[in-house]
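Only one structure is covered here, and it is reproduced in the block below.
Okay, structure coming up:
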């Protein structure tokens, strides 16, 4: 697993802990209405770099998952799968405004009734 995804998992679990989401609370959540929004500039660069090196040898050696694993969306997907959350799930990358946009989008999802709660681990 790429360090980017490990970083997202760690930040996400710390954010959940800071929000008071204990195991008892997590059991009572409607996970279909819980979302994950990750703010990050880049995804898994190590797996992408490894794929480029493998491509120099032969296209057959390249990992077919290198492109999806290199996107920022994969971090939010891995965290959502780990938590079992099935609500809105995507990443946002808007330079210095990323944290603000994550908070704004999470609030909008809740206002529109698309999510009851959202986890926002911003990765710098």
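Residue numbers (the UniProt record's numbering): 1 to 124.
Heads up, the beta-carbon is just placed ideally off N, CA and C, and yes, glycines get one too.
Nothing here was measured: the structure is a model prediction, and the numbers come from that model.
With residue i as the anchor, note down where its alpha helix (DSSP H) starts and where it stops.
i, result
"residue 99", "98-111"
"residue 55", "45-57"
Relative to the alpha-carbon of residue i, which residue among the options has its alpha-carbon at the smallest distance?
i, options, result
"residue 83", "4, 11, 49", "11"
"residue 77", "61, 90, 31", "90"
"residue 94", "23, 41, 60, 19", "41"
According to DSSP, simplified to helix, strand and coil, what is residue i?
i, result
"residue 6", "helix"
"residue 76", "helix"
Among residues of its own chain, excluding the 5 on either side of residue i, which ones have a beta-carbon nearer than 7 Å to its beta-carbon?
i, result
"residue 92", "37, 39, 98, 101, 102, 105"
"residue 33", "87, 115, 116"
What residue range is occupied by the uninterrupted beta strand (DSSP E) comprising residue i?
i, result
"residue 39", "34-39"
"residue 119", "117-119"
If we count the other Cβ atoms within 10 Å of its Cβ and call it buried at 16 or more, is residue i buried or exposed?
i, result
"residue 108", "exposed"
"residue 124", "A caution first: residue 124 carries a pLDDT of 48, below 50, which makes its placement in the model unreliable, though a value can still be read off. Classification for residue 124: exposed."
"residue 58", "exposed"
"residue 80", "buried"
"residue 75", "buried"
Excluding sequence positions up to five away, which residues of its chain have a Cβ less than 8 Å from the Cβ of residue i?
i, result
"residue 111", "none"
"residue 69", "2, 5, 43, 44, 47, 48, 63"
"residue 53", "none"
"residue 19", "119"
For residue i, which residues in the same chain have their Cβ closer than 6 Å to its Cβ, ignoring the five residues on either side in sequence?
i, result
"residue 15", "119, 121"
Spell out whether any CB of chain B is found under 9 Å from the CB atom of residue i.
i, result
"residue 81", "In the structure shown, chain B does not exist; there is a single protein chain."
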